[in-house]
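Asks: First the structure, then my questions, so here it is.
Numbering (the working numbering), first residue to last: 37 to 240.
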């Protein structure tokens, strides 16, 4: 269903409708444009016969008791038939500069160059939050695998500098040329469809 909505150029409209209904407020034109852009890349990454059509997809999922939102979630069963959740932190950044601080990078955002959280650290922090505070993750034995996808970024040099080794180990990062690697990562952890409604279990 997600891939059909992307193909028919209506995904950002559906996200906006649900965003306003569930969160109770509007958002910026730039965020709507980012959905239009990023969802196309995610749909391409999911276009593989080995990724089950009945895998679950959640977009802009707000963490319970938090203002933080997970950009993209894919759910299903792994090769051991355990419930599996992939968290994807999406970034529009085309260029990234390293800093001398672990977990911190620089990129052009909001009209200027700013210090920002490394996307791998950000994705991992969402996974850790759910593992630490969400009862369903423990009870339903949900395996969470975080990653980051910078689909506009052309260079690995700074974003994968050795200072970020620990972040990258916890949550692998993929850039523009890594679409197939992201697909392989998804296939590694989602082998069959989401029969248990994993995101509904987590949300409740």
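A virtual CB, placed ideally from N, CA and C, is assigned to each residue, including glycine.
1. Are there 16 or more other CB atoms within 10 angstroms of the CB of residue 209, so buried, or fewer, so exposed?
2. Tell me whether the beta-carbon of residue 94 lies closer than 7 Å to the beta-carbon of residue 218.
3. What is the rounded straight-line gap between the Cα of residue 207 and the Cα of residue 70?
4. Select from 108, 127, 230, 99 the residue whose C-alpha is nearest the C-alpha of residue 168.
5. If you draw a straight line from the alpha carbon of residue 116 to that of residue 39, how long is it in whole angstroms?
6. Where residue 96 and residue 226 are concerned, what is the direct C-alpha to C-alpha distance, given to the nearest angstrom?
7. What whole-angstrom Cβ distance do residue 107 and residue 124 have, given they're in contact under 8 Å?
8. Verify whether the separation of the beta carbon atoms of residue 138 and residue 68 is less than 7 Å.
9. Work out the CA separation of residue 214 and residue 141 for me, nearest whole Å.
10. Which residues in the same chain as residue 105 place their Cβ atom closer than 8 Å to its Cβ, once the five residues preceding and following it in sequence are excluded?
11. Going by alpha carbons, who is nearest to residue 78 out of 61, 43, 62, 149?
12. When the Cα atoms are used, what is the spatial distance from residue 149 to residue 143?
13. Report yes or no: do the stretch 167-187 and the stretch 46-55 share at least 3 C-beta pairs separated by less than 8 Å?
14. Could you tell me which residues DSSP puts in a beta bridge with residue 125?
15. Reducing DSSP to helix, strand and coil, say where residue 207 ends up.
16. If you drop the 5 nearest sequence neighbours on each side, which residues of the same chain put their C-beta closer than 6 Å to that of residue 176?
17. Please classify residue 113: does DSSP put it in a helix, a strand, or coil?
18. For residue 110 versus residue 91, is the C-beta distance shorter than 7 Å?
19. For residue 94, which beta-bridge partners are listed by DSSP?
20. Helix or strand or just coil, what does DSSP make of residue 151?
Replies: Based on what the coordinates show:
1. buried
2. no
3. 22 Å
4. 99
5. 26 Å
6. 20 Å
7. 6 Å
8. no
9. 20 Å
10. 96, 97, 98, 99
11. 43
12. 5 Å
13. no
14. 184
15. coil
16. 119, 237
17. strand
18. yes
19. 109
20. strand
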